[in-house]
Every structure is written in structure tokens, then in C-alpha cells.
Amino acid sequence: MTGAAPDWLPLRDELRDQVPYGAPQIDVPVRLNTNENPHGPSQGAADDIAEAVRSAALDLNRYPDREATELREALAGYLGRETPGAGLDASRVWAANGSNEVMQQILQAFGGPGRTALSFAPTYSMYPEYARNTHTRWVAGRRREDFGIDGDAAVALIEAEQPDVVFLTSPNNPTGTALQPAHTQAVLEAAPGIVVVDEAYAEFRRAGTPSALELLAEHPTLIVTRTMSKAFALAGGRLGYLAAHPAVVDALRIVRLPYHLSSVTQATALAALRHTDELLAQVDTLRAERDRTARRLADAGFTVAESDANFVLFGTFEDRHATWQALVDRGVLVRETGPLGWLRVSIGTPSEMDAFFTALTEVTST
104 MTGAAPDWLP LRDELRDQVP YGAPQIDVPV RLNTNENPHG PSQGAADDIA
154 EAVRSAALDL NRYPDREATE LREALAGYLG RETPGAGLDA SRVWAANGSN
204 EVMQQILQAF GGPGRTALSF APTYSMYPEY ARNTHTRWVA GRRREDFGID
254 GDAAVALIEA EQPDVVFLTS PNNPTGTALQ PAHTQAVLEA APGIVVVDEA
304 YAEFRRAGTP SALELLAEHP TLIVTRTMSK AFALAGGRLG YLAAHPAVVD
354 ALRIVRLPYH LSSVTQATAL AALRHTDELL AQVDTLRAER DRTARRLADA
404 GFTVAESDAN FVLFGTFEDR HATWQALVDR GVLVRETGPL GWLRVSIGTP
454 SEMDAFFTAL TEVTST
């Protein structure tokens, strides 16, 4: 739907003036707007994925494993390498078609009519849409000026609203801000229901920045979500997953659609996990390029949000849309998102980032 819904269409009232979510998909030489990994899978990984998909294709007349057991075991093994003390196995891991489906399933199970979900803005713009789609009341607190969370204010809001689900994001999108462990702990202690820590960009965090996976053993209402879209360079594969208490996973199994993960998706993700070290080898390179980008932006006089992700939020612009359009006109696509006056640039290859800075200099010097 590209415009207002016609009067004859019996659309839900709360959807009538809405537009579909999505970042602009514009064919320009340098696309730095959707936080994709600029380094695709290696030839070896691609060959393994292709062979796995070919093998799966021979059985496409049969439904896939609706529990995705082998994939969940492999994901548990991957997370267990990072956090051995979490005690993860297939019963504590769930997978779906991208983090988006994971989040929607969480609200289908734990949200709904008469229930409340809460987060702290600015944050991922899809959260309120998940709430809307599941008839869950949405409450948004505010982050500090540096985009961190005020722990005392967060606890006070949770105590006042008594939310059934709290969404925390670390690193946060679109700001890149990592959560302080003390704030995560305080929210877990105050929240009466489920606490989701969205770690879609966790692999890019700075050394020494902890993961909420370390808190799973002591907090059965904690859910930690991840994705293979970013660090694994598998955005086209659509595989998101989570780690949680087995009872949480069982609850999600109730609301998941039958056979929600295709055989092809499961085969693709399993093949990618066999090449974990190879696919994650570019993460350090992207971290270094992120930090270089932040320094270059700061040196150019921009305000830069501290980032633990594979993108940088920078500003401020009196007319950010005009700046965004001027960059597009020069063949560079960034994201117009987050607080007014700010833009977000995904980290690309060194040559892409040089092209971005060349275009930005031209735009801002005129």
C-alpha cells in the first residue's frame, strides 16, 4: 500500500494511516543505510551453502523439521563458545526468520490485549510496530542526552507501568550505545515480566563489553536475541535466534507457525555456522573501520554517538533530509533515522567509507 487505504477496505483502524516499514532501497554505488556486512561469504562458505541447499532441495516435497533441532543445537554451540557458563543447549535456544519474527513471537506469547511492552527511545523503530501488530500497549521512556539509559529513571518507569515485556537493546540501534551491566541488572530486578536484551550487533561490541548471556542462569525471565544477518553476513538468509529458559522457548513454540523455518533456511544457517571463524574474521576489520569513521567525523566537527555496533550516528543537521538527499545525489545512501537532526552511516569497506567522506565534505562545505 503506497497511500491512504481506500474507504471500502475493511482495514483495522489503527493501520489505516500507516505505511510499511522499510529503509529506502535505492540503486546507488555506495549503500550504507541498512547495517549490512559489506564482506560477503567467502567462496568456500558459499560453496558449502550451495551444496547444503542442493541437498535440502532433494527433499523439498517433505516439510522441514518444525523444531529446527539440529540448527538450535549448532546455535547453542556457537553461543556456548562465547559464554561457556550459560549452559546452553537446544532446549534453551529458539530460531526464526530473522530477529523480526523472533520479536513478534515474543509479543504473541507474552504481550497482547491488556498487556504492556516498554522500551527506551530512541531505539529500534520496529518495536512499537510489533506491539501494534499484537495489540500490545506500547510505552516509551527516554534515554539520556548521550543515548545511555538512566538506571533510576528506567526502574521508576518500570515500577509505574508494570510492563509485561521490556525491550533493551545492546548495542542500541540507531545510536550504537552499549548497555551498562548495572542497568541491565537493575531492569531485570525491577521488571515483573519478560526482559528482552536485543543483541543483534553483539559481535561488534568493544573488547570487555559484556553480553547479557552471562545473566541467563540467574534470571529465568531474561531473553537474549541475536541474528546471523550482521556479523555472519547472512542478511539474505533471514535467521534470527534467542537464548532463554526452556520454559520460555516452549512458550514460543506454542505461537510459532507450523514449519516456520524452511528446509532451505535451516540448511543455509547450518552451513554458515560451519564457517563461523571464517565469516567472523572480518569483524575486527569492521570494528577498526567504525572507530576510524567516528574519529574522522569528530575531526570534521560533527557530534558522534559512541558506537559498539557496525554503524555510527552523527549530526547534527538543521535539515537532515536535505543532507541525506544531497548524499544520494552523489551516489551515497545513508539512513535518515533516529533523533531529528541526526544521520546514521553503516560501516562499509574502506573505499566505500572514503567515498562517503568525499560526498559528505562536498555536501557540508557548500
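Take 104 as the starting number for the sequence shown in the numbering used here and just add one per residue.
Positions of the beta carbon are idealized from the N, C-alpha and C atoms, including for glycine.
Every unbroken beta strand (DSSP E) inside the segment 296-324 [3 residues or more]: 297-301
Short of 7 Å in beta carbon distance, which residues of its chain neighbour E154, apart from the five on each side in sequence? Order them along the chain. none
Grab me the residues of P132's own chain with a C-beta within less than 6 Å of its C-beta, minus the 5 sequence neighbours each way, in chain order. G434
For a test of the three-state rule: what should DSSP assign to L355, helix, strand or coil? helix
The segment 332-352 touching the segment 214-222, judged by at least three CB pairs closer than 8 Å: no
T461 versus S228: straight-line alpha-carbon distance, rounded: 29 Å
Shorter than 7 Å, the distance from the beta carbon of G244 to the closest heavy atom of the ligand GDP, or not? In the structure on display, the ligand GDP does not appear, and there are no ligands present to speak of.
Could you tell me the distance, in whole angstroms, from the CA atom of G296 to the CA atom of E455? 44 Å
Please confirm whether L436 and R134 have their CB atoms less than 8 Å apart. yes
Per DSSP, which residues does Y344 bridge with? Please list them. A198 and R329
Could you spell out the range, first to last residue, of the beta strand (DSSP E) harbouring T219? T219 to A224
Since Y230 and S222 are thought to touch, with beta carbons under 8 Å apart, how far apart are those beta carbons, to the nearest angstrom? 5 Å
CA nearest to the CA of T426, picked from I450, L163, A408 and F459: F459
L316 and L210 - do their beta-carbons sit closer together than 8 Å? no
Around the C-beta of L115, are 16 or more other C-beta atoms found within 10 angstroms, so that it is buried, or is it exposed? Going by the sequence as given, residue 115 is Arg instead of Leu. By the neighbour-count rule (16 or more Cβ atoms within 10 Å), R115 is not buried but exposed.
Which residue's Cα is closest to the Cα of T469: G444, V156, D411 and L430? L430
Who are the near neighbours of A224 in its chain, counting only those whose CB is closer than 8 Å to its CB and skipping five residues on each side? A243, G244, R245 and R246
According to the neighbour-count rule (16 or more other Cβ atoms, all chains shown, within 10 Å of its Cβ), is H424 buried or exposed? exposed
Considering just the uninterrupted stretch of the beta strand (DSSP E) at A462, what are its terminal residues? Per DSSP, A462 belongs to no beta strand (DSSP E); it is in the alpha helix (DSSP H), P453 to T467.
Using the DSSP secondary-structure output, state which residues sit across from A243 in a beta bridge. S222
Counting only the same chain and skipping the five closest in sequence on each side, list residues whose C-beta sits under 8 Å from that of P442. P225 and G418
Report yes if the CB atom of L178 is closer than 8 Å to the CB atom of V196, and no otherwise. yes
How far does the alpha helix (DSSP H) with S366 in it reach, from first residue to last? S366 to L376
Can you tell me whether DSSP reads T172 as helix, strand or coil? helix
Range of the contiguous alpha helix (DSSP H) that encloses W111: Element bounds for W111: n/a, residue is neither H nor E.
Buried or exposed: R165, going by 16 or more other Cβ atoms within 10 Å of its Cβ? exposed
To the nearest angstrom, how far is it from the Cα of T237 to the Cα of F213? 10 Å
For A160, which option in V367, R377 and I152 has the closest C-alpha, if you only look at C-alpha atoms? V367
Can you list, in chain order, the residues of its chain with a C-beta nearer than 6 Å to that of T330? Leave out the 5 residues immediately preceding and following it. S202, A303 and G343
What would DSSP say about R134, mapped onto helix, strand or coil? strand
Just verifying my parser: in three-state terms, what is the DSSP assignment at L416? strand
Give the C-beta separation of L318 and L291 to the nearest angstrom, bearing in mind that I take them to be a contact with Cβ-Cβ under 8 Å. 7 Å
Who are the Cβ neighbours of T324 in its own chain at under 8 Å, not counting the five residues just before and after it? L291, A294, G296, I297, V298, H348 and V351
If you count every other CB in all the chains shown that lies within 10 Å of the CB of Q369, and 16 or more means buried, which is it? buried
By the three-class DSSP mapping on this structure, what secondary structure does F270 have? strand
3-residue-minimum beta strand (DSSP E) runs that sit fully inside the segment 384-455, ordered along the chain: 414-418 and 445-449
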